[in-house]
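Participant:
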Amino acid sequence: MAFTLPELGYAYDALEPNIDAKTMEIHHTKHHNGYTNKLNAAIEGTALDGQSIEDILKSLDMANGAVRNNGGGFYNHSLFWKVIAPEDKGRLSGPLKDAIDAAFGSKEGFEEAFAKAAGTRFGSGWAWLCKHDGGKVGICSTPNQDNPLMPGVGCGGHPILGIDVWEHAYYLNYQNRRPDYVKSFLSIVNWNEVERRYEAS
Ligand code: MN3
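Position 29 of the sequence shown, counted from 1, bears residue number 18 in our numbering, the numbering being contiguous throughout.
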């Protein structure tokens, strides 16, 4: 039962000017598609074949580089496309707003901490907002395609928002200006989806 590349749910140019169409197209059809195909090749005929991606990541043997990199890449990008949106997708509200206010003081405090985590991740990787036991939220970052669900990555919790800070996610438009890309990302967050993930996890 192979994994399939998910649809974006919007056009490649729908996030402009925040994320340009060419970056979106290459990111989806080349990078995410590559992770998907390589994940399928890595699990074919193994005990992992048929498991959910969450179960694969949670019980991952971190020495299994093919599944770690491509399973992480498959999961991370599948989340990434969903937590951003071209049109207004709600305002931070409800239990998630309360959790963010408790952890960071305000939405602005959250944005500052998230931008710092994204900006200081050296090289390629991701920054995350995670839900922890009891409903608390926290920010962390991971290298490469690692993910908070994986054992021992030092994040814990369940990822509900994530930003890809690999150069392939922004370099065509932003070149070395990662902070500008992070700021743009924060302006197109699909808070309805992040809240859904907070309440479902
Ligand atoms: Mn990427």
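In this text, a Cβ means the ideal position worked out from N, Cα and C, and glycines have one as well.
(1) Who pairs with residue 153 in a beta bridge, going by DSSP?
(2) So residue 168 is in the beta strand (DSSP E); what residue range does that whole segment cover?
(3) According to DSSP, is residue 109 helix, strand or coil?
(4) So does the segment 145 to 157 actually touch the segment 50 to 58, counting three or more Cβ pairs closer than 8 angstroms?
(5) Just tell me which of 174, 144, 171 has its CA closest to the CA of residue 47.
(6) May I ask you to verify whether the segment 4 to 11 touches the segment 171 to 178, counting CB pairs closer than 8 angstroms and requiring at least 3?
(7) Spatial neighbours of residue 108 within its chain, please: C-beta separation below 7 angstroms, excluding the five flanking residues on both sides.
(8) To the nearest angstrom, how far is the alpha carbon of residue 158 from that of residue 36?
(9) Under the DSSP definition of a beta bridge, which residues are partnered with residue 144?
(10) Could you give the residue range of the beta strand (DSSP E) that holds residue 39?
(11) Within 7 angstroms: the Cβ of residue 10 and any heavy atom of the ligand MN3?
(12) Use the C-beta contact count for residue 25: other C-beta atoms within 10 angstroms, 16 or more gives buried, fewer gives exposed.
(13) Ordered along the chain, which non-local residues of its own chain (more than five positions away) have a Cβ less than 6 angstroms from that of residue 117?
Facilitator: Looking at the atomic coordinates:
(1) Paired residue(s): 115.
(2) DSSP places residue 168 outside any beta strand (DSSP E); the residue lies instead in the alpha helix (DSSP H), whose first and last residues are 167 to 176.
(3) Secondary structure of residue 109 (DSSP, three-state): helix.
(4) Note that the segment 145 to 157 does not touch the segment 50 to 58; fewer than 3 beta-carbon pairs, one per stretch, sit closer than 8 angstroms.
(5) The residue from 174, 144, 171 with its alpha-carbon nearest to that of residue 47 is 144.
(6) By the Cβ test, the segment 4 to 11 is in contact with the segment 171 to 178, since at least three Cβ pairs between them sit closer than 8 angstroms.
(7) Sequence-distant Cβ neighbours of residue 108 in its own chain, meaning closer than 7 angstroms and more than five residues away, are 167, 168, 171.
(8) Rounded to whole angstroms, residue 158 and residue 36 show a C-alpha spacing of 32 angstroms.
(9) DSSP lists no partner for residue 144.
(10) That residue, residue 39, is in no beta strand (DSSP E); it is neither H nor E in DSSP.
(11) Residue side-chain check: residue 10 keeps its Cβ at 7 angstroms or more from all non-hydrogen atoms of the ligand MN3.
(12) Only buried fits residue 25, as 16 or more other CB atoms lie within 10 angstroms of its CB.
(13) Excluding residues within five positions, the ones whose Cβ falls inside 6 angstroms are 129, 137, 148, 151.
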